[in-house]
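Enquirer: Going by our numbering, the letters in the sequence shown line up with residues 1 to 222, in that order. Positions of the beta carbon are idealized from the N, C-alpha and C atoms, including for glycine. I have a structure I would like to understand better, so I am pasting it below and will then ask my questions one at a time.
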Amino acid sequence: MNTLPNQVPSRFDRQSGLVPRERISRETISVIGVGAIGRQVALQLASIGAARLQLLDFDCVEATNITTQGYQASDMGLAKVEATKRAIAGIDAEIDVQCIADRYRPKHATGSIVFCCVDSISARTAIWRAVQHRTELWIDGRMLGEVIRILSANSTESGNHYTTTLFSQSDAHVGACTSKSTIYTASIAAGLMVHQLTRWLRGLPLDHDLSLNLLASELFVA
Numbered sequence: 001m002n003t004l005p006n007q008v009p010s011r012f013d014r015q016s017g018l019v020p021r022e023r024i025s026r027e028t029i030s031v032i033g034v035g036a037i038g039r040q041v042a043l044q045l046a047s048i049g050a051a052r053l054q055l056l057d058f059d060c061v062e063a064t065n066i067t068t069q070g071y072q073a074s075d076m077g078l079a080k081v082e083a084t085k086r087a088i089a090g091i092d093a094e095i096d097v098q099c100i101a102d103r104y105r106p107k108h109a110t111g112s113i114v115f116c117c118v119d120s121i122s123a124r125t126a127i128w129r130a131v132q133h134r135t136e137l138w139i140d141g142r143m144l145g146e147v148i149r150i151l152s153a154n155s156t157e158s159g160n161h162y163t164t165t166l167f168s169q170s171d172a173h174v175g176a177c178t179s180k181s182t183i184y185t186a187s188i189a190a191g192l193m194v195h196q197l198t199r200w201l202r203g204l205p206l207d208h209d210l211s212l213n214l215l216a217s218e219l220f221v222a
């Protein structure tokens, strides 16, 4: 990289044409669920310049989370939100991180941008009903094994479509949607979700319903 004498490169230089720094630094972004996908989302948001993050999750780090969710062995027993906050501080200590070690509840105020990374359809439905009218951008990540689905809503039309994807819990797969997961699938899912945010920040159209089957090498965009 060519720099002027004594000029210190910014960590944002290489992404300057892809992520509008002024816009992302103004937003408060909520990540609900910092498990397999949500932790990766939070770390990617920190890396690309988010200035204010809100992390919500009631769970603590267990041994299986080290394999599939990217936590460290030293995080064992910590609240996931606190462990993720510590990792974010390692990226940029100036990021304002609010931790809520709890399930999402309607009393919790959320940011204008919400990443929904919970592992049950009933939780998604409850959160969506609570925040849909006060959220500018909603991004939901779903994962089962090596199959990923990313849904985003930023308008009445896309919100109506999203609502149709909230099927009954009795119709869902048995067990949590992340009960079969790998760190690489979670990382890809998180990247696709954060990409929808950067499209929105640049005023580009979103992929409101995207499915990726890694094993079959199939990508569908509705």
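Whether or not the stretch 208-219 and the stretch 50-70 are in contact is what I'm after, with contact meaning three or more pairs of Cβ atoms, one per stretch, closer than 8 Å; do they touch?
Expert: Judged by Cβ distances under 8 Å, the stretch 50-70 makes no contact with the stretch 208-219, as fewer than three pairs qualify.
Enquirer: Between G49, H108, K107, E157, which lies nearest to S10 when the distance is taken from Cα to Cα?
Expert: The candidate whose alpha carbon is nearest that of S10 is G49.
Enquirer: Here's the rule I'm using: 16 or more other beta-carbon atoms within 10 Å means buried, otherwise exposed. How should G77 be labelled?
Expert: Exposed, by the Cβ-count rule.
Enquirer: What is the rounded straight-line gap between the Cα of G225 and the Cα of S181?
Expert: Shown here, the chain extends from 1 to 222; a query on residue 225 therefore has no answer.
Enquirer: Considering only the beta carbon of each residue, do S122 and W138 sit closer than 9 Å?
Expert: It is not a contact, given that the beta carbons lie outside the stated cut-off.
Enquirer: Buried or exposed: which applies to L43, given that a residue is buried once 16 or more other Cβ atoms fall within 10 Å of its Cβ?
Expert: By the 10 Å Cβ count, L43 comes out buried.
Enquirer: Among the candidates A51, G33, G35, whose CA atom is the shortest distance from the CA of E27?
Expert: Comparing Cα positions, the closest option is A51.
Enquirer: Where does L78 fall in DSSP's three states?
Expert: If DSSP states are grouped into helix, strand and coil, L78 belongs with coil.
Enquirer: Go through its chain and collect everything with a Cβ distance to A83's Cβ below 8 Å, but skip five positions before and after it.
Expert: Closer than 8 Å at the Cβ level, and outside the excluded window around A83, lie V61, Y71, Q72, D75.
Enquirer: What ranges does the alpha helix (DSSP H) occupy inside the stretch 45-111, keeping only unbroken runs of at least 4 residues that lie completely in it?
Expert: DSSP runs (the alpha helix (DSSP H)) wholly in the stretch 45-111: 63-68, 80-91.
Enquirer: Buried or exposed for Y184, going by 16 or more other Cβ atoms inside 10 Å?
Expert: Looking at its Cβ environment, which holds fewer than 16 other Cβ atoms inside 10 Å, Y184 is exposed.
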